[in-house]
Structures are given as C-alpha cells and as structure tokens.
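Below is one structure, written out as structure tokens; comments come after it.
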Amino acid sequence: MAKHSLLIAGMLGALGVFMGAFGAHALPDVLGTMGVEPAEIESRCEVFETAVKYHLYHVLALMGVGLVAQQRAGRAVNFSAFAFLLGIVFFSGCLYLLVFTGIKLLGAVVPLGGSSFIVGWAALAFSGR
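Going by this note's numbering, the sequence shown opens with residue 87, and the numbers climb by one from there.
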C-alpha cells in the first residue's frame, strides 16, 4: 500500500482541489436547485468545507507516508497509509454525501474516519521507532 501512496495521494489531491473549488464556486447554487432551504445551505457548505480541509490535510499525510516508505518500508508504514486512505473515505466521503443527500445517519459513520486518521498518525509515529 505505502509504495502506491504517492500515486494515490496525487489522485486524491486533485480530487480534493476539485471539491474545494466546487464548494467555493458552485455548491450553494447546486444545493439551491436541489430545493435545500437557504439556512440549511449555509450549514451544509460549512460541513463541506470541513470535509475538504481534512481531505487535503490527509492527502499531504499520505504523501508523507509515500516518501517515508521509499526510505523504510514496513508494516507500520503500510498500515498508516491504509488508515489515512480509510479516513479520507469515511470522514470526508461521508461528509460529502451528507451535504448532498441530507441523510443524517451518515454523520454516524464520520467518527470512524476520524478514528482512522488518529490510528494513521499513531502508526506513522510507531514506524519511526
């Protein structure tokens, strides 16, 4: 996994920049055409912004893991890469879906992504031992 981290980080980074631009320039209008109330649009845009921030922060982390993996591969490095990837999918991915669908139940999955981020950072720290 870690040896592919730079490729995955590059693709997810491009997606993150796209999502950020979409959120800044088109999201309010798209939500409005979907019939979302104006007060709810502002709230959903804030959630979307949080998703983009954590998405991009952890793309950088995944890129760092890829660079570390070039120097010293190991299970902790691989696990860290996998945890960051899962975190992006479950944290940011579920928040993106929540913004578009309004399904509040998706919010219950988001902490799994946050936990994956924490585990990824811990595994990365452990890999340095």
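Positions of the beta carbon are idealized from the N, C-alpha and C atoms, including for glycine.
Can you round the beta-carbon distance between residue i and residue j to whole angstroms, since I take them to be within the 8 Å contact cut?
i    : j    : result
L183 : L192 : 5 Å
G173 : G152 : With a Cβ gap of about 16 Å, G173 and G152 do not count as contacting.
V138 : G109 : 6 Å
Report all residues from its chain with a CB closer than 6 Å to the CB of residue i; omit the five preceding and five following residues, and keep chain order.
i    : result
Y140 : F177, S178
A147 : F170
G200 : F177
Just to confirm, does residue i get its C-beta within under 7 Å of one of the non-hydrogen atoms of the ligand MG?
i    : result
V163 : The model on display carries no ligand, and the ligand MG is accordingly not part of it.
Helix, strand or coil: which one does DSSP assign to residue i?
i    : result
V163 : helix
A112 : coil
M120 : coil
V195 : coil
G188 : coil
R215 : coil
R130 : helix
Please go through the same chain and pick out, in chain order, the residues whose beta-carbon is closer than 7 Å to the beta-carbon of residue i, but skip the five residues on each side of it.
i    : result
L113 : C131, F134
H144 : F170, G173, I174, F203
G102 : V138, H141, L142, V145
I94  : L148, L171
Apart from the five residues just before and just after residue i, which ones in its own chain have a Cβ nearer than 8 Å to its Cβ?
i    : result
A155 : A88, K89, S91, V163, N164, A167
For the 8 Å Cβ check, are there 3 or more pairs between the stretch 153-169 and the stretch 118-137? no
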